Amino acid sequence: MIHSLSGHSRGINPPRSLVPAPPPPIDMPNGSCRQPGISNNLAQDDPEILSGAVLVDANLPQFFTDEQIPRLVAATQPDVDAAKKDPEKPANRQLISTAEGFAEAHQAFHKVVWPTSVPATVMVSEKTPFAASPPDAQHWRDAAASFVKKAPNRTLVTAKGTSHEVPTERPDLVLKAIEDRFAAQH
């Protein structure tokens, strides 16, 4: 996820091109993020507007393999089935709608390539969004490492002791990564 710096920058005020603001967060059951790659698609489509990015426990294309996608679909199916029992609830409508296109959207997302011209700091949570599934948690960490290895201007930071809520649990670490990325580009 690319985070906006407005109001959170401890004295620095970088231009919009460093960290564009994302759309409002989507409230999903189980805290799951089922919307693939807003930042990745932005970087692929318009790399010239970015001078760098800090991706905080972000969905990365390397995670969504042909083996991983069916695991995720199966893991979320009980939530989808429960949502279908009350489809008028807004969160349930969104979950049902997202689930319908999940596999196809993430197969396409797997093909997205972050441009090597855009430096990135990838911050991964220690527990990952998959704390209850060690194989999925390891795959999440491996995907982040694989993403970073694709270009010399990428760095990997592990947010020790955090869940997927890194910005809430370790705002200091997120701010430092943003400040460091900004300083490296200016």
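Heads up, the working numbering is the position in the sequence shown plus 383, with the first residue counted as 1. The beta-carbon is built from N, C-alpha and C at its ideal position, and this holds for glycine as well. Every value quoted in this text rests on a predicted model; they were computed, and no experiment measured them.
Check: Using DSSP with H/G/I as helix, E/B as strand and the rest coil, what is A528?
Finding: Correct three-state label for A528: helix.
Check: Are three or more beta carbon pairs between the segment 473-489 and the segment 429-436 nearer than 8 Å?
Finding: Taking 8 Å as the limit for Cβ pairs, the verdict is that the segment 429-436 does not touch the segment 473-489.
Item checked: Backbone secondary structure at S516 - three-state DSSP -> S516: coil per DSSP, three-state reduction.
Next item on the list: Could you check the C-alpha separation between P461 and Q445 for me, to the nearest Å?
Entry: Straight-line Cα distance between these residues: approximately 25 Å.
Next item on the list: State the DSSP-derived secondary structure class of R537, mapped to helix, strand or coil.
Entry: Here R537 carries a strand assignment [DSSP, helix/strand/coil].
Margin query: Mapping the DSSP letters down to three states, classify T504 as helix, strand or coil.
Written below: Strand.
Next item on the list: Examine the Cβ distances between the segment 533-546 and the segment 500-511 and report whether three or more of them are shorter than 8 Å.
Entry: Yes: the two stretches touch, three or more of their Cβ pairs being nearer than 8 Å.
Margin query: Rounded to whole angstroms, what is the Cα-Cα separation between A457 and A566?
Written below: So the alpha carbons of these two residues sit roughly 43 Å apart.
Next item on the list: For D429, count neighbouring Cβ atoms within 10 angstroms of its own Cβ and tell me buried if that reaches 16, exposed if not.
Entry: Here D429 is exposed: its Cβ has fewer than 16 other Cβ atoms, across all protein chains shown, within 10 Å.
Notebook entry, point to check: Which whole runs of the alpha helix (DSSP H) in the segment 433-519 are 4 residues long or more, in chain order?
Noted result: Every alpha helix (DSSP H) of 4 residues or more that sits fully in the segment 433-519 is shown, in chain order, as 451-467 and 473-492.
Next item on the list: Please name the residue in M506, K532 and R537 whose C-alpha comes closest to that of P550.
Entry: Measuring from the Cα of P550, the nearest candidate turns out to be M506.
Notebook entry, point to check: Comparing alpha-carbon positions, which option in L438, K532 and D440 lies nearest T499?
Noted result: It is K532 whose Cα lies nearest to the Cα of T499.
Next item on the list: Drop a sphere of 10 angstroms on the beta-carbon of V540, count the other beta-carbons inside from all chains shown, and report buried for 16 or more, exposed for fewer.
Entry: It is buried - the Cβ of V540 has at least 16 other Cβ atoms within 10 Å.
Next item on the list: Starting from the Cα of L559, find the closest Cα among A426, T504 and V495 and give me that residue.
Entry: It should be noted that the sequence gives Lys, not Leu, for residue 559. Taking only the C-alpha atoms, the option nearest K559 is T504.
Checklist line | Element boundaries [alpha helix (DSSP H), containing K559] | finding: Taken as a continuous stretch (DSSP letters only), the alpha helix (DSSP H) holding K559 covers P554 to Q568.
Checklist line | According to DSSP, residues forming a beta bridge with A542 | finding: S508.
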